[in-house]
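Residue numbers (the numbering used here), protein chains in the order written: chain A, 16 to 285; chain B, 16 to 285. Here a beta-carbon is modelled for each residue, glycine too, at the ideal position from N, C-alpha and C.
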């Protein structure tokens, strides 16, 4: 049976609220995900929360009732609480009916099976949590094998990244690594490393991509370091007809990922 | 000569701070844009601010010096201020060297020349300012004739939308209208209305798009109202191989826009 917490001063509430801060997430190995939709995506991916907080009327909702029951059956704790506390936990004025607290997870580089998918996404020093979440969502849509985060990227378990991922955080394997580890791993097997770059004349539709293709997107403001770009097998860019000569990093990644996907649809990879 | 303001209590500072609020933007017809990059994009598009606030050392920066001089020459006011006040104006802890205050602008539907570009973007009840700004940036990149905002969209002059647009706000014509006005206008001339939809089996690469193509993206959570989708000439969707069956609205718009652009690159529109 779910217990009820209505006091902000409750020690568990205090602890969970701190998970909005990256240092506390690291220490606890836990992160927050707000909303029934994301919790349902997680459940469908086989992931149940360590703690599930829900509002006064939420248990009547059929999807929420299933989540509560399964969370408890899996050894997690379901806790009824107030809208005010849900709002504090989620940081939203109008919180959804549910806030889940999940254990962090990660796929080590060495555990990635590059033969599992023809397309992989990678990002280097990505700074914006919305971009990271959006790229995860795109990775899910294009069936990418995973998202490889290189060097100092924003935390994929931040509230904003989780929200922007719309649940794809739970369906797309995430690997965090450093360039000096990534490059030897990549060169230790098949795979074409393709950089999105502004410093090239190669149109992104010109090459015939080979599986597995690893698409690498650089930092939002600076792009890839030239030394990293030089190590890539291909550097490509989208046509830009406007004045700004730039695209949002998550948008550029998606346009590029769909090009590779479209080529593989016409000419299935071996 | 620029004057100097160092007091938060200065009436102009108080007035400008209120521009973070939509109601005050409407009343004043002014909006805020933060950062030298966006101000420079605006200047290159021929738009100078009504007020230009800059920090203590900013005037030494060559691009900033040009902006200050041109703003004053055009009848605007350049004002040196403190980092603290720049931070309050921009809402950022680490503000850029410049905050510009610009007059709002808009292109009425009746003034749009649909023959001016083969591709146009439209969005209906878009809620997220980051998505709106990102779509403006994409519109600039694909050379779209403009962005048509239908029904109750988020304000394109909000600080977040302006920031996400990275200056494309100043280069892409923006029209705000209602569906009941848009549809008769559209049908009063050439043009194919293409809806991004999840309720269709038509792959987005299947149709041969005709110029001018108007790409219509619906609300982030609900998509287009069925009655609107039914009025479109085509409803198309991207392949989605993952579990979520959804893409971020700005991402879907960009993937679709590049498909149309790519078709027109292979087969130039009449």
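The segment 175-183 of chain A makes contact with the segment 142-156 of chain A; the number of CB pairs closer than 8 Å reaches 3 or more. Assigned with DSSP and collapsed to three states, residue 178 of chain B falls in helix. For residue 145 of chain A, the neighbours in chain B by C-beta distance under 7 Å run, in chain order, 145. Taking CB atoms only, residue 258 of chain B has a neighbour in chain A less than 8 Å away. Below the 7 Å Cβ cutoff, chain A contributes 277 as neighbours of residue 220 of chain B, in chain order. Every beta strand (DSSP E) of 3 residues or more that sits fully in the segment 31-88 of chain A is shown, in chain order, as 45-49 and 66-69. By the Cβ rule, the segment 31-48 of chain B does not count as touching the segment 153-167 of chain B, because fewer than three pairs are nearer than 8 Å.
Going by DSSP, residue 280 of chain B is part of the alpha helix (DSSP H) stretching over 264-281. Within the segment 122-145 of chain B, 145 place their CB atoms closer than 7 Å to a CB of chain A, listed in sequence order. For the segment 250-274 of chain A, the set of positions with a beta-carbon nearer than 9 Å to some beta-carbon of chain B reads 253, 254, 255, 256, 257, 258, 259, 260, 261, 262, 263, 265, 266, 267, 268, 269, 270, 272, 273 and 274 in chain order. The Cβ-Cβ distance between residue 216 of chain A and residue 254 of chain A does not fall below 8 Å. Residue 152 of chain A has a beta carbon lying within less than 8 Å of a beta carbon in chain B. Counting the other CB atoms within 10 Å of its CB gives residue 109 of chain A a total below 16, which places it among the exposed residues.
Interface residue (Cβ-Cβ distance to chain B less than 8 Å): residue 223 of chain A is not classified as such. In the DSSP assignment, residue 234 of chain A forms a beta bridge with A:238.
Going by DSSP, residue 93 of chain A is part of the beta strand (DSSP E) stretching over 92-95.
Residue 190 of chain B carries a strand assignment under DSSP once its states are collapsed to helix, strand and coil. What residue 186 of chain B touches in chain A, judged by beta-carbon distance under 8 Å, is 257, 258 and 259, going in chain order. Taking all protein chains shown into account, residue 24 of chain B has fewer than 16 neighbouring C-beta atoms within 10 Å of its C-beta and is therefore exposed. The Cβ neighbour count for residue 271 of chain A, taken over all protein chains shown within 10 Å, is at least 16; the residue is labelled buried. Distance from the Cα of residue 124 of chain B is smallest, within the candidate group B:59, B:26 and B:194, for B:194. A Cβ of chain B is located within less than 8 Å of the beta carbon of residue 157 of chain A. Excluding five sequence positions before and after residue 121 of chain A, the CB atoms of its chain that fall closer than 8 Å to its own CB belong to 189, 190 and 191, given in chain order. When Cβ-Cβ separations below 8 Å define contact, residue 49 of chain A makes no contact with chain B.
Using a Cβ distance threshold of 8 Å, residue 134 of chain A and residue 157 of chain A count as a contacting pair. For residue 182 of chain B, the nearest CB of chain A lies under 8 Å from its own CB, placing it at the interface with that chain. Interface flag for residue 59 of chain A against chain B is set, since a Cβ pair is found closer than 8 Å. For residue 131 of chain A, there is no enclosing beta strand (DSSP E), as DSSP marks it with neither H nor E. In this structure, the CA atom of residue 106 of chain A is about 47 Å from the CA atom of residue 203 of chain B.
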